[in-house]
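See structure below.
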Amino acid sequence: MYFLVQANVYLDLDHYKIFDVLEELNIDYHVINIPPTAEKIDFKTERKDVFVYGSVTIARLAKQNSDWFPGSFYGGNHLYEVYSKYYGENLLNHKIAVHKISEELVWKKNEIKFIKPYNEAKIFTGRIFTEFEWKDFVFESLENQSNRITKDSIRLISEAKRTIKEARLWIVGGQIIDAGYYKFNDNAPFEEKVSEDGFAFTNEMIKLFNLEEAFVMDICLTDEGWKIVEINCINSSGFYPNTNVKSIIKALNIYFSN
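Each residue of the sequence shown is one higher than the last, beginning at 9 in my numbering.
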């Protein structure tokens, strides 16, 4: 398989690992810069067995190249309105409201809300906001002409819930290839490896809905058990320091080469 990898992914400090792995595994690849305002990928190849990796921009634009396989999995089943029908109450944010970012929200006294982008996953990072923090964020974002947030951008809003620990799992061909924690909250004890019950929960979710041939699932442990935080497109999911990049790239190359 041929990897087309974006070079200018500035926010992901572990992004560079993919280049070392591709070299070690002797996998063909090409490095490309993609401006945030690009409308197409300025790259031509006779090969059809192309897999893209980088930012949301390259994942989104690669969908224009319908002859690339696997190309990009961006959109489709990754949309909340699709996978929520299958995962239901297993989602951390099951009950949601969807509005344009410019619409006023109603806040209760001392209320906090979880707010994230709806259909443009990386235009800002989903997190918990107070009323003041959200209004300040909206004002600054709409004033800043350099980002992709506009008054018509769609946001997802749900009740803020406490999580104990959170993990990212990489899934290829219905199998968990790699898993690692990226966040421990409160006084949760550190664990080097994702617990067996976390794996069991993820496998149950894959049985409910194997969303794509390759995708990323973030899960969390709550007072109500394990929940899905969100589903991520594998073409633009970032690595963490404990991610086994070699295992992921090797699995992708073997699965899609066959």
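Glycine included, each C-beta is placed from N, C-alpha and C at the ideal position.
Selection from the options that minimises the alpha carbon distance to residue i
i    : options                   : result
V17  : K93, K52, E151 and A67    : A67
R163 : S110, V253, P197 and K258 : S110
F247 : E89, K25, S92 and M9      : K25
E220 : D57, F27, T53 and N85     : N85
F264 : S63, L150 and I35         : I35
E112 : I104, K159, E151 and K124 : K159
N250 : V202, Q14 and S80         : V202
E3   : A168, N152, L100 and L30  : Residue 3 falls outside the range modelled here, since the chain spans only 9 to 266, and no answer is possible.
K254 : L33, A15 and E54          : L33
I257 : E31, L87 and G83          : E31
S63  : N261, S244, N252 and A259 : S244
I104 : W115, K124, K117 and K116 : K124
L260 : Q14, A15, N195 and F81    : F81
Q14  : D194, N41 and D226        : N41
R55  : F217, L150, L21 and H38   : H38
Strand pairing of residue i, partner residues [DSSP]
i    : result
M225 : L177 and I239
H38  : L12
V17  : DSSP, once it has assigned bridges, lists no residue as partnering V17.
D216 : The identity of residue 216 in the sequence shown is Leu, whereas the question assumes Asp. Looking at the DSSP assignment, L216 forms no beta bridge with any residue, so it has no partner.
T230 : G233
P43  : DSSP, once it has assigned bridges, lists no residue as partnering P43.
K121 : F137 and E167
H107 : R163
Cβ distance (whole Å) where residue i is taken to contact residue j below 8 Å
i    : j    : result
I157 : F192 : About 30 Å separates the two Cβ atoms, so there is no contact after all.
K136 : F122 : Inspection of the sequence shows that residue 136 is occupied by Ile rather than by Lys. Correct: roughly 5 Å between the Cβ atoms.
K108 : S166 : The Cβ separation is near 16 Å, so there is no contact.
T138 : L177 : Rounded, the Cβ-Cβ distance is 31 Å, inconsistent with contact.
L12  : V90  : Not quite, the Cβ-Cβ distance comes to about 26 Å (not below 8 Å), so this is no contact.
I179 : I214 : 6 Å
P78  : A222 : 7 Å
Y189 : E199 : 6 Å
Y10  : V58  : 5 Å
Are the segment 226-234 and the segment 167-177 in contact at 8 Å, needing three or more beta carbon pairs?
yes
Which runs of the beta strand (DSSP E), 3 residues or longer, sit entirely within the segment 134-198?
135-138, 162-167, 173-180 and 183-192
Kindly confirm or deny that the segment 72-86 and the segment 45-57 touch, where touching means at least three C-beta pairs closer than 8 Å.
yes
Is it a yes or a no for the segment 89-102 touching the segment 137-151, going by three-plus beta-carbon pairs under 8 Å?
no
When you compare the segment 181-190 with the segment 234-242, are there three or more beta-carbon pairs, one atom per stretch, that lie closer than 8 Å?
no
Which ranges does the beta strand (DSSP E) cover as unbroken runs of at least 3 residues, wholly within the segment 52-104, from first to last along the chain?
58-61
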